[in-house]
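Protein chains in written order, with the working numbering: chain A, 34 to 43; chain B, 4 to 215. Heads up, the beta-carbon is just placed ideally off N, CA and C, and yes, glycines get one too. Structure record follows, encoded as structure tokens.
So, in structure tokens, the structure goes:
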């Protein structure tokens, strides 16, 4: 899955 | 979390610490682009606004806070405390040429047309080019102190390691984010010329000096 509102990286 | 991301994050952290310690110990920010540091402060501020809306992990929150605080501390040292040593005559890159296109692009190409998402996208685009004023300053003066070179190497390695992290995540978790990947490739490519000079000169004990 591309794109999600949750960006879990810095 | 995988080894590439962890070493990428640690390399990023190391870069920020090297710069802060260098300025503090030498009581001077000569050779450092204040403009690049202002851009990084803007990058972290716009990207980490999700600190107030989304919780990911203690690690994530901790690192974000460190990056924001350290970038503001660096800007404070350059523009306030050690202002007299700031090389503003050579730090003449026009940052509006980076900020405005990054912002327009983030309005055009994003995952979701929402305020936080656009600011996140803007920060990704801006980060990819935020080092240009610093590289411009080095090219203008024709040289960089070894410690500045170590800073640039650690900062450049961080996004390079993230590229490996994204390859890993694509295969291991079927996760990918094209915006981050394309910007990350651009960011890493901008450092390539510097990486070459770093390996061929700085690691052999020579000063980073550009050919006249």
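Practice prompt. With 8 Å as the threshold, decide whether the Cβ of residue 8(B) is near any Cβ in chain A.
Written response: For the purposes of this step, residue 8(B) is taken as residue 5 along the second chain, with counting starting at 1. Residue 8(B) has a beta carbon lying within less than 8 Å of a beta carbon in chain A.
Item to complete: Could you please give the first and the last residue of the uninterrupted alpha helix (DSSP H) stretch that includes residue 168(B)?
Response: For the purposes of this step, residue 168(B) is identified with residue 165 of the second chain, where counting begins at 1. Run containing residue 168(B): 149-176, per the alpha helix (DSSP H) assignment.
Item to complete: Could you check the C-alpha separation between residue 58(B) and residue 90(B) for me, to the nearest Å?
Response: Your numbering for residue 58(B) matches position 55 in the second chain. Your numbering for residue 90(B) matches position 87 in the second chain. Residue 58(B) and residue 90(B): Cα-Cα distance of roughly 40 Å.
Fill in: Alpha-carbon to alpha-carbon, residue 142(B) and residue 100(B)
In the second chain, residue 100(B) corresponds to position 97, counting from 1. In the second chain, residue 142(B) corresponds to position 139, counting from 1. Cα to Cα, the separation comes out at about 18 Å.
Discussion item. Taking 8 Å as the threshold (C-beta atoms), are residue 34(B) and residue 203(B) in contact?
Written reply: What you label residue 203(B) is simply residue 200 of the second chain in a count that begins at 1. What you label residue 34(B) is simply residue 31 of the second chain in a count that begins at 1. Not in contact: residue 203(B) and residue 34(B) (Cβ atoms no closer than 8 Å).
Worksheet item: When we look at the beta-carbon of residue 130(B) and count the other beta-carbons within 10 Å, is it buried (16 or more) or exposed?
Response: Counting from one through the second chain, the residue named residue 130(B) turns up at place 127. Buried, by the Cβ-count rule.
Practice prompt. Starting from the C-beta of residue 25(B), find all residues in its chain whose C-beta is less than 6 Å away, skip the five residues before and the five after it, and write them out in chain order.
Written response: Within the second chain, the letter at position 22 stands for residue 25(B). Same-chain partners within the cutoff: 150.
Worksheet item: What beta strand (DSSP E) runs, 3 residues minimum, are completely inside the region 83-115 of chain B?
Response: none
Worksheet item: At a CB-CB cut-off below 9 Å, which residues of chain A make contact with residue 63(B)?
Response: Sequence index remark: in the second chain, residue 63(B) carries index 60 (1-based). Those are 41, 42 and 43, listed as they occur along chain A.
Discussion item. Please state the DSSP three-state secondary structure of residue 75(B).
Written reply: Your numbering for residue 75(B) matches position 72 in the second chain. DSSP places residue 75(B) in helix when its eight states are reduced to three.
Worksheet item: What does a CB cutoff of less than 8 Å around residue 66(B) pick up in its chain, not counting 5 residues either side in sequence?
Response: Here residue 66(B) corresponds to residue number 63 of the second chain, with the count starting at 1. If we look at residue 66(B) and ignore the five residues flanking it on each side, its Cβ neighbours are 12 and 16.
Practice prompt. Please list the residues of the region 101-134 of chain B that have a C-beta atom closer than 7 Å to any C-beta atom in chain A, keeping them in chain order.
Written response: Those would be 114, 115, 120 and 123, in chain order.
Item to complete: Could you say which of 47(B), 29(B) and 14(B) lies nearest to residue 119(B) if we only look at CA atoms?
Response: Here residue 119(B) corresponds to residue number 116 of the second chain, with the count starting at 1. The residue with the shortest Cα to Cα distance from residue 119(B) is 47(B).
Worksheet entry | Beta-carbon neighbours of residue 57(B), restricted to chain A and to distances below 7 Å | Taking the first residue of the second chain as 1, we reach residue 57(B) at position 54. Going along chain A in sequence order, the residues near residue 57(B) (Cβ under 7 Å) are 39.
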